[in-house]
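Engineer: Each residue of the sequence shown is one higher than the last, beginning at 132 in this note's numbering.
Even glycine gets a Cβ: it sits at the ideal position worked out from N, Cα and C.
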Amino acid sequence: MHFLWVICLFFSYQVDVHEAVRNAGRFLSEAGMNSVKLEGGVQIASTAKAIVRAGIPVMGHIGLMPQSVHKIGGYGVQGNTASKARSLLDDALALEEAGCFAIVLESVPTRVARLNF
Numbered sequence: 132m133h134f135l136w137v138i139c140l141f142f143s144y145q146v147d148v149h150e151a152v153r154n155a156g157r158f159l160s161e162a163g164m165n166s167v168k169l170e171g172g173v174q175i176a177s178t179a180k181a182i183v184r185a186g187i188p189v190m191g192h193i194g195l196m197p198q199s200v201h202k203i204g205g206y207g208v209q210g211n212t213a214s215k216a217r218s219l220l221d222d223a224l225a226l227e228e229a230g231c232f233a234i235v236l237e238s239v240p241t242r243v244a245r246l247n248f
């Protein structure tokens, strides 16, 4: 048995929620994927929730988000201050509340990754 997920491409879910749900559905039906992965936390939680409500499994992705490197200042470690670590925790909780089945934590300090996400 296999489980395949697809990274939602840049601007395939950022424009509006209805377009995000439609695009996620297309990724599953046309590419044969089992789920989609969205980068972002609090700011995309409502989109993730809408996709989950449509019956599509969603994996969240926080920390270093390659689609946002210009916005976050490059490919460095994320969550390396108390306030940034708190923001990551808020992002994780928002994605959990939205119904994400898993969350990728990329390039975060070990002490932050071990928080009770």
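Do VAL239 and VAL249 count as a contact pair if the criterion is CB distance below 8 Å?
Structural biologist: Outside the displayed range of the chain (132 to 248) lies residue 249, so it cannot be described from this structure.
Engineer: Give the secondary structure of ILE187 by DSSP, where H, G and I count as helix, E and B as strand, and everything else as coil.
Structural biologist: As a first step, residue 187 must be located in the sequence shown, where it is residue number 56. Here ILE187 sits in coil by DSSP.
Engineer: Could you check which residue in VAL243, SER166 and GLY191 has the C-alpha nearest to that of SER214?
Structural biologist: Taking the first residue of the sequence shown as position 1, residue 214 is located at position 83. When only C-alpha atoms are compared, the closest one is VAL243.
Engineer: Would the beta-carbon of ASP221 fall within 8 Å of that of VAL173?
Structural biologist: The residue given as residue 221 occupies position 90 in the sequence shown. The residue given as residue 173 occupies position 42 in the sequence shown. Yes.
Engineer: Below 8 Å CB to CB, which residues in the same chain sit around ILE187 once its five sequence neighbours on both sides are set aside?
Structural biologist: Mapped onto the sequence shown, residue 187 falls at position 56. Same-chain partners within the cutoff: VAL152, ALA155, GLY156, LEU159, SER166 and VAL167.
Engineer: Let me make sure I understand the geometry here. Which of HIS149, GLY230, PHE232 and ALA216 has the alpha-carbon closest to that of THR241?
Structural biologist: Translated into the one-based positions of the sequence shown, residue 241 becomes position 110. The shortest Cα separation from THR241 among HIS149, GLY230, PHE232 and ALA216 belongs to ALA216.
Engineer: State yes or no: is the C-beta of LEU169 within less than 8 Å of the C-beta of HIS192?
Structural biologist: Counted from its first residue, the sequence shown places residue 169 at position 38. Counted from its first residue, the sequence shown places residue 192 at position 61. Yes. Within cutoff.
Engineer: Assign LEU195 to one of three DSSP states: helix, strand, or coil.
Structural biologist: As a first step, residue 195 must be located in the sequence shown, where it is residue number 64. In this structure, LEU195 counts as coil in the three-state DSSP scheme.
Engineer: Should GLY204 be labelled buried (16 or more other beta-carbon atoms within 10 Å of its own) or exposed?
Structural biologist: Reading the sequence shown from its first residue, position 73 is the one you call residue 204. GLY204 is exposed by the Cβ-count criterion.
Engineer: Could you name the residues of the same chain whose beta carbon sits closer than 6 Å to that of LEU195, not counting the 5 residues immediately before and after it, in chain order?
Structural biologist: By 1-based counting over the sequence shown, the position of residue 195 is 64. Result list for LEU195: GLN209, GLU237 and SER238, in chain order.
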